[in-house]
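Residue numbers (this note's numbering), protein chains in the order written: chain L, 1 to 250; chain P, 251 to 451.
Glycine included, C-beta positions come from ideal geometry on N, C-alpha and C.
Single-structure report; data block below.
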Amino acid sequence: MRHPVDSYVNRLLRRRRPKPFAPTQDELAVMRTAIDLMAATPEAHGPRPAFVEQLRAQISEQERNEQGPGSARPAWRAPARRRFLAAGALTAAGAAAGVGADRMVVIASGDDQNGRPGQPGPGPGQPQPPAELTPTAGVWRDVAASTDLAEGDVHPFDLGSVNGFLRRASGRVQAVSGVCTHQGCRLDLAAARDKLSCPCHGATFTVAGANLTHPRQSSGPLPALPRLPVREQAGRIQVYAPPPSPSHQD
Amino acid sequence: MIGSQVVKALRFGVRAVWPDEAPTTLPGAAYPDWDAIYADNVGRIYRLMFAKVGNRPDAEDLTSQVFLAAYGPLRATAGVGQVRAYLTATARTVLAEHWRRTLGHQVTEIDLETTDLEDYAGPAAADETVNGPAQQRAARILRALPERQRQILVLRFLRGYSIRQAAAELGVSIANAKVLQHRALRAAAGLDKDGKEGEAS
Chain L
1 MRHPVDSYVN
11 RLLRRRRPKP
21 FAPTQDELAV
31 MRTAIDLMAA
41 TPEAHGPRPA
51 FVEQLRAQIS
61 EQERNEQGPG
71 SARPAWRAPA
81 RRRFLAAGAL
91 TAAGAAAGVG
101 ADRMVVIASG
111 DDQNGRPGQP
121 GPGPGQPQPP
131 AELTPTAGVW
141 RDVAASTDLA
151 EGDVHPFDLG
161 SVNGFLRRAS
171 GRVQAVSGVC
181 THQGCRLDLA
191 AARDKLSCPC
201 HGATFTVAGA
211 NLTHPRQSSG
221 PLPALPRLPV
231 REQAGRIQVY
241 APPPSPSHQD
Chain P
251 MIGSQVVKAL
261 RFGVRAVWPD
271 EAPTTLPGAA
281 YPDWDAIYAD
291 NVGRIYRLMF
301 AKVGNRPDAE
311 DLTSQVFLAA
321 YGPLRATAGV
331 GQVRAYLTAT
341 ARTVLAEHWR
351 RTLGHQVTEI
361 DLETTDLEDY
371 AGPAAADETV
381 NGPAQQRAAR
391 ILRALPERQR
401 QILVLRFLRG
411 YSIRQAAAEL
421 GVSIANAKVL
431 QHRALRAAAG
441 LDKDGKEGEA
451 S
């Protein structure tokens, strides 16, 4: 008995590149199992040093060939514009904006209840987060109860100096700034709660902060909305933001 | 050479599935330059790809494609987390394109929600020589099998025995060893649930 999937598996076993064929659903399941088993072999441990060097050289060569102007690149690859807008977003959305929310959660896990995140306290198995990411001015401020934000929900919040949108995806809470990266207008949550739109020039963003559409007068896609450091503690969702000013107590 | 043609095809052909969040410059926690990005992540991407295709030639090709496509956007310095997220998203696209081109089915895929390049730091770096996630997964697959089926798969996959050597070790003919391996893989894949021992007679 000779099955095409056996040839596929045997090529894997002989450390060769397998040949394409038209697999059935059952055969796909067998292939996945064979791949899982191969992933436990020493071959999977790492690339050959020769390969690593060869690819490094190949990339350098490509870089040299691409030095000429006029190559079509996504607009967000223009470094000057990106840096400018990223810096603007930082000042507009508060001192802590732009720091990866994930890393902030890692840092926050060692905090006392109402303290600022001073000592990095990595959770079990987490790498030590770089100290530079700890914001120096701000406090964790309540924005919602954990129960207010079910899986897939989007929830606006406003702390005065910082406003934005919370969402829960795969159990984790994320927060993005609610300020359009075009000219700084406040974004609205669309009725379907699936995107954010700007009332000024019509730009739209995903609830994760990625730019969907941009105004005609902007030269290309807008930068993504900055993420805000966010954590869940004792049933509360908290955003790390500048402390409340006397004129805006919450 | 895989180089520019693939990159071009990737840039223009499957733009829609490109990572939608461009890497931005972060304060701190940044790679100093492209070399650092490459050195820190080439092994991770290779291990991720190997786990998805199960062979070195394809894993190396796909790793090349990821870095050739990503080096432009990532040339500026960027935060470690964002570089990794961007590389993972690029790897997802490259892998999907590989399966589309070769088999017409998404045999395996990279789930952006659950894939963390931190898990692919490698045996040397993570000191998980024996018990990485791939090893645990393989052990789980093998544990569920009857003894003979487990033996043939351990010999063939994990110990690198040829079919002839495995047949000798198990005391069966080569033809029977082939049948045993075929049935063992089907059983491990969750097919043939009728509980047969799978012993070739």
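Output the distance between the C-alpha atoms of residue 177 of chain L and residue 364 of chain P, rounded to the nearest integer angstrom. Taking the first residue of the first sequence as position 1, residue 177 of chain L is located at position 177. Taking the first residue of the second sequence as position 1, residue 364 of chain P is located at position 114. The alpha-carbon atoms of residue 177 of chain L and residue 364 of chain P are separated by roughly 24 angstroms.
Just to confirm the assignment, what range does the alpha helix (DSSP H) spanning residue 141 of chain L have? Reading the first sequence from its first residue, position 141 is the one you call residue 141 of chain L. No alpha helix (DSSP H) contains residue 141 of chain L, which is instead part of the beta strand (DSSP E) from 139-145.
Looking at chain P, is there any beta carbon in it that lies within less than 8 angstroms of the beta carbon of residue 41 of chain L? Residue mapping note: residue 41 of chain L aligns to position 41 of the first sequence, counting from 1. Closer than 8 angstroms: yes.
Whole angstroms is fine: what's the gap from residue 395 of chain P's alpha carbon to residue 56 of chain L's? For the purposes of this step, residue 395 of chain P is identified with residue 145 of the second sequence, where counting begins at 1. For the purposes of this step, residue 56 of chain L is identified with residue 56 of the first sequence, where counting begins at 1. Taking the straight line from one Cα to the other gives about 43 angstroms.
Using beta carbons (cut-off 8 angstroms, strictly below), is residue 314 of chain P in contact with chain L? Locating residue 314 of chain P in the second sequence gives position 64, where the first residue counts as 1. Yes, residue 314 of chain P lies at the interface with chain L (some Cβ there is under 8 angstroms from its Cβ).
Nearest chain L C-beta to residue 307 of chain P closer than 8 angstroms, yes or no? Within the second sequence, residue 307 of chain P is the residue found at index 57, counting from 1. It does: the Cβ of residue 307 of chain P has a partner Cβ on chain L nearer than 8 angstroms.
If you pair each beta-carbon of the segment 335-343 of chain P with each one of the segment 16-23 of chain L, do three or more pairs fall below 8 angstroms? no
Interface partners of residue 296 of chain P on chain L, CB under 7 angstroms: Against the second sequence, residue 296 of chain P aligns to sequence position 46. Neighbours of residue 296 of chain P on chain L, chain order: 46, 47.
Note down, in chain order, every chain L residue with its Cβ under 7 angstroms from the Cβ of residue 438 of chain P. Within the second sequence, numbered from 1, the residue matching residue 438 of chain P stands at position 188. Ordered by position in chain L, the residues that pass the 7 angstroms Cβ test against residue 438 of chain P are 33.
Helix, strand or coil at residue 329 of chain P [DSSP, three-state]: Taking the first residue of the second sequence as 1, we reach residue 329 of chain P at position 79. Three-state DSSP puts residue 329 of chain P in a strand.
Where residue 357 of chain P meets chain L, residues with beta-carbon distance less than 9 angstroms: Locating residue 357 of chain P in the second sequence gives position 107, where the first residue counts as 1. Within chain L, the residues near residue 357 of chain P are 23, 28, 31, 32, 35.
Rounded straight-line distance, which links the Cα of residue 422 of chain P to that of residue 372 of chain P: Numbered from its first residue, the second sequence carries residue 372 of chain P at position 122. Numbered from its first residue, the second sequence carries residue 422 of chain P at position 172. The straight-line gap from Cα to Cα measures roughly 37 angstroms.
Nearest residue (CA-CA) to residue 349 of chain P, options L/22, L/155, L/153: For this step, residue 349 of chain P is matched to residue 99 along the second sequence. Comparing Cα positions, the closest option is L/22.
Count the other CB atoms within 10 Å of the CB of residue 24 of chain L; is the residue buried (16 or more) or exposed (fewer)? Position 24 of the first sequence, counted from the first residue, corresponds to residue 24 of chain L. The residue in question, residue 24 of chain L, is exposed, as its Cβ has fewer than 16 Cβ neighbours within 10 Å.
Using a Cβ cut-off of 8 angstroms (strictly closer), state whether residue 51 of chain L contacts chain P. As a position in the first sequence, residue 51 of chain L is number 51, starting the count at 1. Yes, residue 51 of chain L lies at the interface with chain P (some Cβ there is under 8 angstroms from its Cβ).
Local conformation of residue 194 of chain L per DSSP, three classes: As a first step, residue 194 of chain L is located in the first sequence; it is residue number 194 there, counting from the start. Note: residue 194 of chain L maps to coil in three-state DSSP.
I'd like to check one pair, residue 173 of chain L with residue 230 of chain L: are the Cβ atoms closer than 8 angstroms? Here residue 230 of chain L corresponds to residue number 230 of the first sequence, with the count starting at 1. Here residue 173 of chain L corresponds to residue number 173 of the first sequence, with the count starting at 1. Cβ distance < 8 angstroms, so residue 230 of chain L and residue 173 of chain L count as in contact.
What separation, rounded to the nearest whole angstrom, lies between the Cα atoms of residue 207 of chain L and residue 149 of chain L? Taking the first residue of the first sequence as position 1, residue 207 of chain L is located at position 207. Taking the first residue of the first sequence as position 1, residue 149 of chain L is located at position 149. Their backbone Cα atoms lie some 14 angstroms apart in a straight line.
Pull up the DSSP beta-bridge partners for residue 232 of chain L, would you. Position 232 of the first sequence, counted from the start, is the residue given in the question as residue 232 of chain L. In the DSSP output, where bridge partners are listed per residue, residue 232 of chain L has L/237.
Comparing C-alpha positions only, which one of L/227, L/159, L/204 sits nearest to residue 216 of chain L? By 1-based counting over the first sequence, the position of residue 216 of chain L is 216. When each option's Cα is compared against that of residue 216 of chain L, the closest is L/204.
Suppose you measure from the CA of residue 220 of chain L to the CA of residue 242 of chain L; what does that come to, to the nearest Å? As a working note, residue 220 of chain L is residue 220 in the first sequence. As a working note, residue 242 of chain L is residue 242 in the first sequence. So the two alpha carbons sit approximately 32 angstroms from each other.
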